[in-house]
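A.B. asks: Just so we're on the same page, this note's numbering is the position in the sequence shown counted from 1, plus 387.
Glycine residues also receive a C-beta, built at the ideal position from the N, C-alpha and C atoms.
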Amino acid sequence: MVRETPNQAVVRKVLIPNEPGLHARPASVFVKLACKFDSEIWVGCNDDKVNGKSIIGLLTLAAGKGMQIAIEAEGKDAKIAVDALAALVEGNFEIT
388 MVRETPNQAV VRKVLIPNEP GLHARPASVF VKLACKFDSE IWVGCNDDKV
438 NGKSIIGLLT LAAGKGMQIA IEAEGKDAKI AVDALAALVE GNFEIT
């Protein structure tokens, strides 16, 4: 589900597919991709929301397999960023 807000923010909810969840390696892959975009990127899980360009922030979410996260971006490339990051998560963080 993709939702655009009036201030050009884009939000998409995805499930964490991999067994260990959003641990160090997937978080570093996520941050590496997130940093390629100019938009501000946030990731939410349960009641927490962190900077999507911060490995430490992502790790504090403790998002395990099957948990839902919300990827949010605001800026000129927000939709592209959210689509790319959601595809990364849904693709198991490219980890095989």
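Alpha carbon to alpha carbon, how far is residue 410 from residue 479? Give it in angstroms, no decimals.
C.D. replies: Their backbone Cα atoms lie some 12 angstroms apart in a straight line.
A.B. asks: Could you check the C-alpha separation between residue 414 and residue 450 for me, to the nearest Å?
C.D. replies: When rounded, the distance between both Cα atoms is 10 angstroms.
A.B. asks: Whole angstroms are fine: how far does the CA of residue 446 sit from the CA of residue 439?
C.D. replies: The alpha-carbon atoms of residue 439 and residue 446 are separated by roughly 10 angstroms.
A.B. asks: Quickly, what does DSSP pair residue 431 with across the bridge? List them, please.
C.D. replies: Partner(s): 436 and 457.
A.B. asks: Residue 411 lies in the alpha helix (DSSP H); which residues open and close that run?
C.D. replies: First-last of the alpha helix (DSSP H) with residue 411: 411-421.
A.B. asks: By Cβ distance below 7 angstroms, which residues in the same chain neighbour residue 433 in space, the five residues on each side in sequence not counted?
C.D. replies: Correct list: empty, nothing qualifies.
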